[in-house]
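For the record, the sequence lines run as chains A and B. Each residue of the first sequence is one higher than the one before, counting from 0 in numbering that gives the first Met the number 0. Each residue of the second sequence is one higher than the one before, counting from 0 in numbering that gives the first Met the number 0. Cβ atoms here follow ideal geometry from the backbone N, Cα and C, with glycine treated the same way. Only one structure is covered here, and it is reproduced in the block below.
2 protein chains.
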Amino acid sequence: MTAGERRADVLRAAVAEFAKTGYQGTSTEDVARVAGISQPYLFKMWPTKKALFISLVEHGFERVRQAFVEATGEATGDEALDRMGEAYGELLRDRDELLLQMQSYAACDDPEIGAVTRREFGRLWRQVARLSGLDDERLQQFFAMGMLMNVVASMDATNHPSQWVKACVPPAWLAPPTWDG
Amino acid sequence: MTAGERRADVLRAAVAEFAKTGYQGTSTEDVARVAGISQPYLFKMWPTKKALFISLVEHGFERVRQAFVEATGEATGDEALDRMGEAYGELLRDRDELLLQMQSYAACDDPEIGAVTRREFGRLWRQVARLSGLDDERLQQFFAMGMLMNVVASMDATNHPSQWVKACVPPAWLAPPTWDG
DNA sequence: CAAGGTAGTGAGTCATCACTCACCATGTGC
DNA sequence: GCACATGGTGAGTGATGACTCACTACCTTG
Numbered sequence: 000m001t002a003g004e005r006r007a008d009v010l011r012a013a014v015a016e017f018a019k020t021g022y023q024g025t026s027t028e029d030v031a032r033v034a035g036i037s038q039p040y041l042f043k044m045w046p047t048k049k050a051l052f053i054s055l056v057e058h059g060f061e062r063v064r065q066a067f068v069e070a071t072g073e074a075t076g077d078e079a080l081d082r083m084g085e086a087y088g089e090l091l092r093d094r095d096e097l098l099l100q101m102q103s104y105a106a107c108d109d110p111e112i113g114a115v116t117r118r119e120f121g122r123l124w125r126q127v128a129r130l131s132g133l134d135d136e137r138l139q140q141f142f143a144m145g146m147l148m149n150v151v152a153s154m155d156a157t158n159h160p161s162q163w164v165k166a167c168v169p170p171a172w173l174a175p176p177t178w179d180g
Numbered sequence: 000m001t002a003g004e005r006r007a008d009v010l011r012a013a014v015a016e017f018a019k020t021g022y023q024g025t026s027t028e029d030v031a032r033v034a035g036i037s038q039p040y041l042f043k044m045w046p047t048k049k050a051l052f053i054s055l056v057e058h059g060f061e062r063v064r065q066a067f068v069e070a071t072g073e074a075t076g077d078e079a080l081d082r083m084g085e086a087y088g089e090l091l092r093d094r095d096e097l098l099l100q101m102q103s104y105a106a107c108d109d110p111e112i113g114a115v116t117r118r119e120f121g122r123l124w125r126q127v128a129r130l131s132g133l134d135d136e137r138l139q140q141f142f143a144m145g146m147l148m149n150v151v152a153s154m155d156a157t158n159h160p161s162q163w164v165k166a167c168v169p170p171a172w173l174a175p176p177t178w179d180g
């Protein structure tokens with residue numbers, strides 16, 4: 000297998016592990032085992048655990064930006080924002096991406112991780128601003144709802160239903176287009 | 000010093016440490032050193048590191064609920080929600096409380112921590128519902144804004160100003176009543 | 001002052017973890 | 001058929017971390 004393919008495999012495995020247990024709580028041995036390679040080889044691909052984590056964070060934000068571009072299409076304004084919101088809801092189905100985002104916020108005390116996370120968040124903000132053309136107040140509401148979705152995903156609320164979950168989580172988050180529920 | 004006083008001291012020290020580096024990233028030695036006690040004594044007060052973390056989480060959510068009751072006073076409806084939002088903004092000044100909340104969301108993969116976090120989040124939701132008497136949609140917007148504030152606090156955005164921070168963070172978050180700026 | 005409870009610690013133990021070193025196997029160009 | 005890059009690992013190492021054990025100093029009560 001080529002190094003490029005391996006790298007992609009490892010990234011997929013790593014995002015799942017780091018999403019669950021966070022930067023500090025995930026061991027490089029775990030990642031290597033799930034990826035099906037030896038742990039020393041992990042360190043041939045990334046010089047440190049932190050470098051691996053950071054490339055996951057960058058990759059994750061990049062995917063969100065890309066999903067927003069694709070979802071928006073030719074739309075602008077509130078229409079564009081609605082479509083991006085829907086696209087974000089679909090990312091919820093693959094919880095790992097959003098969980099990893101939460102883990103990167105939680106790890107911001109580390110200066111390098113903090114710097115990358117702020118930079119990526121800023122890029123996402125500017126892109127949504129550019130795509131929608133809306134004012135700061137609307138953007139703020141949009142991002143606020145996104146952060147609530149992240150938290151709900153972190154708590155795995157939809158798999159632990161209770162009274163408040165029904166109130167907090169609108170059906171739209173639970174029923175992306177492909178469902179029939 | 001009595002055990003009760005020590006316990007309060009240790010909780011204060013522990014919240015600062017866990018807020019920074021999270022459940023997995025914080026060592027009991029760190030907590031003990033900052034609290035000014037030996038590490039074995041920590042284990043006489045709480046049986047495990049997890050038990051300490053969980054009591055911090057419960058304590059933190061409790062404080063938010065209490066702050067909301069006090070802030071609301073006799074108000075109801077949107078007026079009540081406004082006052083609670085203002086109270087939450089004041090909690091931002093002591094970042095540690097909000098960061099610890101983020102750390103508890105991030106640690107939800109652990110079944111016990113997850114259960115406690117969901118329970119506390121639910122209690123908070125119900126309390127805001129009761130105090131304000133508003134419908135789910137308004138509550139959702141309120142909590143969404145709160146989660147955005149948590150994330151902004153995690154990224155320490157106000158101490159790393161850049162273009163998007165000015166747009167994302169309304170002056171009200173930065174200028175609680177006691178400021179003069 | 002004896003007896004016992006309360007507050008507190010020094011010095012471990014055993015597991016885990018990030019990271020390294022020396023090494024092997026399989027092509028591929030010459 | 002050999003030099004050499006590419007892809008890959010077994011077996012460490014030194015540090016750290018959660019948790020324990022055996023112990024002391026001090027206070028209170030009779």
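Assuming the contact rule is C-beta atoms closer than 8 Å, residue i and residue j should be a hit. Round their C-beta distance to whole Å, please.
| i | j | result |
| --- | --- | --- |
| phenylalanine 102(B) | asparagine 149(B) | Sequence check: residue 102(B) is glutamine here, not phenylalanine. That pair is no contact at about 10 Å. |
| alanine 50(B) | valine 33(B) | Actually they do not touch by this definition, with Cβ atoms about 18 Å apart. |
| tyrosine 87(B) | serine 153(A) | In fact, because the Cβ distance is near 19 Å, the residues do not count as touching under 8 Å. |
| glycine 132(B) | glycine 76(B) | 6 Å |
| leucine 130(B) | alanine 79(B) | 5 Å |
| valine 63(A) | leucine 91(A) | That belief does not hold up - the Cβ atoms of valine 63(A) and leucine 91(A) are roughly 12 Å apart, past 8 Å. |
| aspartate 108(B) | lysine 48(A) | In fact, because the Cβ distance is near 18 Å, the residues do not count as touching under 8 Å. |
| phenylalanine 17(A) | phenylalanine 67(A) | The pair is not a contact, with the Cβ atoms about 23 Å apart (cut-off 8 Å). |
| valine 151(B) | methionine 83(B) | Valine 151(B) to methionine 83(B), Cβ: 18 Å. No contact. |
| alanine 70(A) | glutamate 85(A) | 7 Å |
Which residues mark the beginning and the end of the alpha helix (DSSP H) in which residue i is found?
| i | result |
| --- | --- |
| serine 37(B) | Element bounds for serine 37(B): n/a, residue is neither H nor E. |
| valine 168(A) | Where valine 168(A) is concerned, there is no enclosing alpha helix (DSSP H), given that its DSSP letter is neither H nor E. |
| methionine 146(A) | 135-153 |
| aspartate 8(B) | 2-24 |
| glycine 121(B) | 110-131 |
(request) Enumerate, from N- to C-terminal direction, the unbroken alpha helix (DSSP H) stretches of 4 or more residues contained entirely within the stretch 43-103 of chain B. (result) 48-71, 76-90
(request) Mind the definition here: the stretch 121-137 of chain A touches the stretch 133-140 of chain B only if three or more C-beta pairs lie below 8 Å; say whether that holds. (result) no
(request) Determine contact between the stretch 36-47 of chain A and the stretch 78-97 of chain A, defined as no fewer than three beta-carbon pairs at a distance below 8 Å. (result) no
(request) Please confirm if the stretch 111-119 of chain A is in contact with the stretch 166-173 of chain A, defined as three or more CB-CB distances below 8 Å between the two stretches. (result) no
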